[in-house]
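Please read the structure below before turning to the comments.
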Amino acid sequence: MTNNRRSENSAEHQEVSALIPWYVNDTLADSERQRVDAHIGSCAVCRDDLAVHKRLFEEIDAQPAVDYMPVASLKRLQARLDAAQAQSASPPMAPLQPGRSDARWPGWMAASIAAMAVAIGLLAADRWVQFEVRATQPNYRTATTSIPRPQGEVIRAVFSPSITLVELQTILDEAQLKIVSGPTEAGVYSLASNSTLTVRSSLALLRRHSTVRFAEETLLEPESGDPP
Amino acid sequence: MTPLAKNSPKERDNALLIAIAAGDRRALEELYLSYHRRLARFLSRFTPRYENIEEIINDTFMVVWQNAKDFRNASQVSTWVIGIAYRTALKSFRRQKNHHLAHSLEDYPEQTVDPTSDTEVTDWLKHGLSRLPLEQRLTLELAYHMGHSLEEIAAITDCPVGTVKARMFHAREKLRQYLPTLGGAPSELPARMG
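What follows is the structure, given as structure tokens:
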């Protein structure tokens, strides 16, 4: 005990003790690792600390992590960037101060202002054309129409934005489906059959899950009496 | 995958950040997708709500987009990105009115469960972690969940290494006081942590 107490008060003990968490997560340099190894052999207090940190590390490391799908989040980031860029492309013009003579401006300043005016004019014209194009298009999308059907697609589905990759894969495995394309901007996945299970059976399996917001067949199966 | 992708993650991150600084949106998207999983897993340990997690990650990448040109090669891109996420998360968690990280350990009942049960220890550890001051818990998670070195955590949190060591020491002591089954006896506060 006396030896331990003496050891606990030494500078070496304190420095080594503070390194123990990184000894445990295996990120110490070799020289520091050797220093910890050498010290804990003779220091019961540090061996005790080491046991605590190992337990903490094991517990924290073993806790299950949740995986989220990044695509929908990325689309929202892209929308924010678009908005920020649109805003910065049209900065407010500062009013000219009255009574200042143009003749006092240096030539380069006048030229750069003229260039900026032309650029702003071109940008405005471009935005107007884009607006005109958008104005002629519907401002909604559907999950079932208009987009060409990817090869093998039998079902289109939309999942909850909070669904994890693991959950999505589990649902698809259960329904014996695979993703052939998607998600679209509207979050629509095109799914193809992965087995001999009928499309209707796969659809029924999909619809059992509350995280499936929408699921519809895109390739109608012939009735059993219909000719092929 | 953009043509900028390189062999090692470090080279790839550097190439992507250079492209981002030049205004390449596709490079930003690639960097986002390569960091999203890591950051979301880390942040999900502090908040169960994906809306909060997404907000922190997207705020982080807005900063990456705006400040990529100011990045200096003295640090690693990963440390820089995670450092931005750390500060963004810190602000976000402090803003949350119902966040209970500031509660003291004294508010929590003493351990009365079977100390030999691993499940109970895990549950109580979760509660113990949620009672730590935010900086201490973040330090612990950066080391034990993310696997960062002492120097990396100092860079991420923008603190001297001595501060990181002190936060880790206090986190361990509070958890040990709160959860005796972790083992050992409380240590005396080291005279110096440098």
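Residue numbers (the numbering used here), protein chains in the order written: chain U, 2 to 229; chain G, 687 to 880.
Glycine is no exception: its CB is placed at the ideal position from the N, C-alpha and C atoms.
| field | Three-state secondary structure (DSSP) of F757(G) | value | Reduced to three states, the DSSP call for F757(G) is coil.
| said: I'd like the span of the beta strand (DSSP E) that includes R214(U), first residue to last. | reply: For R214(U), the enclosing beta strand (DSSP E) has its first and last residue at V213 to E218.
| CB of R214(U) within 7 Å of CB of V159(U), strictly | Annotated as proximal: R214(U) and V159(U), with beta-carbon spacing under 7 Å.
| query | Just reading off the alpha helix (DSSP H) that R773(G) is part of, what are its end residues? | reply | Per DSSP, the continuous alpha helix (DSSP H) segment holding R773(G) begins and ends at V763 to R781.
| According to DSSP, residues forming a beta bridge with Y190(U) | Looking at the DSSP output, Y190(U) bridges to A158(U).
| said: Mapping the DSSP letters down to three states, classify S32(U) as helix, strand or coil. | reply: The three-state reading of DSSP puts S32(U) in helix, counting H, G and I together.
| Contact set for L725(G): own chain, Cβ-Cβ below 6 Å, skip 5 residues either direction | Sequence-distant Cβ neighbours of L725(G) in its own chain, meaning closer than 6 Å and more than five residues away, are I743 and A771.
| query | Between which two residues does the alpha helix (DSSP H) containing L717(G) stretch? | reply | Start and end: R711 to L729.
| With respect to 6 Å, is the separation between the Cβ of S835(G) and the closest non-hydrogen atom of the ligand FAD below this value? | No copy of the ligand FAD appears in this structure; indeed no ligand is present at all.
| request: Would you mind reading off the limits of the alpha helix (DSSP H) that contains V181(U)? | output: Careful: V181(U) lies outside any alpha helix (DSSP H), inside the beta strand (DSSP E) at L178 to S182.
| Within chain G, the residues that T171(U) reaches when beta carbons sit closer than 8 Å | From the beta-carbon of T171(U), no residue of chain G is found nearer than 8 Å; the closest lies around 17 Å away.
| What distance in whole Å lies between the Cβ atoms of H54(U) and R858(G), which are believed to be in contact at a cut-off of 8 Å? | Indeed, because the Cβ distance is near 7 Å, the residues count as touching under 8 Å.
| said: So with CB distances below 7 Å, who are the chain U contacts of T808(G)? | reply: Ordered by position in chain U, the residues that pass the 7 Å Cβ test against T808(G) are E60.
| How long is the line joining the alpha carbons of E821(G) and E838(G), rounded to whole angstroms? | Distance between the alpha carbons of E821(G) and E838(G): 15 Å.
| request: Work out the CA separation of C845(G) and E13(U) for me, nearest whole Å. | output: Per the coordinates, the alpha-carbon of E13(U) lies some 23 Å from the alpha-carbon of C845(G).
| said: If you reduce the DSSP assignment to three classes, tell me which class A90(U) lands in. | reply: In the structure shown, A90(U) sits in a helix (DSSP, three-state: H, G or I).
| Can you give, in chain order, each stretch of the alpha helix (DSSP H) that sits fully within the region 16-89 of chain U and has at least 4 residues? | Whole alpha helix (DSSP H) segments, 4+ residues: 31-41 and 45-63.
| said: The alpha helix (DSSP H) that contains F673(G), what's its start and end? | reply: Since the first residue shown for chain G is 687 and the last is 880, residue 673(G) is missing from the structure and cannot be characterised.
| If we cut at 7 Å on Cβ distances, does L51(U) have a partner in chain G? | Not one chain G Cβ lies under 7 Å of L51(U).
| field | Buried or exposed by the 16-neighbour rule on C-beta atoms within 10 Å, applied to R209(U) | value | Flag for R209(U) reads exposed.
| message | Just checking: is the beta-carbon of T199(U) within a distance shorter than 7 Å of some beta-carbon in chain G? | response | It does not: the Cβ of T199(U) has no partner Cβ on chain G nearer than 7 Å.
| said: Does any residue of chain G have a CB that is nearer than 7 Å to the CB of V181(U)? | reply: False, the Cβ-Cβ gap to chain G never drops below 7 Å.
| field | Member of S32(U), V37(U) and D27(U) whose CA lies at the smallest distance from the CA of A19(U) | value | A19(U) has its Cα closest to that of V37(U), out of S32(U), V37(U) and D27(U).
| task | Starting from the beta carbon of S163(U), find every residue of chain G whose beta carbon is closer than 7 Å, and list them in chain order. | result | Chain G residues near S163(U): Y736.
| message | According to DSSP, is S196(U) part of a helix, a strand, or is it coil? | response | S196(U): coil per DSSP, three-state reduction.
| Members of the region 766-779 of chain G near chain U, C-beta cut-off 8 Å | Result list empty, no residue passes.
| query | Taking Cβ positions only, does Y718(G) come closer than 7 Å to chain U? | reply | Yes, Y718(G) lies at the interface with chain U (some Cβ there is under 7 Å from its Cβ).
| Burial state of D174(U) (16 or more Cβ within 10 Å) | That one is exposed.
| said: When you compare the CB positions of I41(U) and Y830(G), do they come within less than 7 Å of one another, or not? | reply: Against a cut-off of 7 Å, the Cβ pair of Y830(G) and I41(U) comes out as no contact.
| task | With a threshold of 16 other CB atoms inside 10 Å of the CB of Q752(G), please say whether the residue is buried or exposed. | result | With fewer than 16 Cβ atoms within 10 Å of its Cβ, Q752(G) is classed as exposed.
| Among the residues of its own chain, which have a CB less than 7 Å from the CB of P22(U), if the five just before and after it don't count? | If the five residues before and after P22(U) are omitted, its C-beta is found closer than 7 Å to the C-beta atoms of H54, all from its own chain and listed in chain order.
| query | In whole angstroms, what is the alpha-carbon distance linking E741(G) and A39(U)? | reply | Pairing E741(G) with A39(U), the inter-Cα distance amounts to about 46 Å.
| task | Determine the direct distance from the alpha carbon of K860(G) to that of K818(G), and round the result to whole angstroms. | result | Per the sequence presented here, residue 818(G) reads as Leu, with Lys not at that position. Taking C-alpha positions only, L818(G) is separated from K860(G) by approximately 8 Å.
| message | Let me make sure I understand the geometry here. Which of Y721(G), H813(G), S730(G) and T808(G) has the alpha-carbon closest to that of I768(G)? | response | Measuring from the Cα of I768(G), the nearest candidate turns out to be Y721(G).
| message | Which same chain residues end up closer than 8 Å to N738(G) when comparing Cβ atoms and leaving out the 5 residues on each side of it in sequence? | response | Listed in chain order, the non-local C-beta contacts of N738(G) below 8 Å within the same chain comprise L729, S778 and Q782, local neighbours out to five positions each way being set aside.
| query | chain U beta carbons: is any one of them nearer than 7 Å to that of N744(G)? | reply | Cβ-Cβ to chain U under 7 Å: yes for N744(G).
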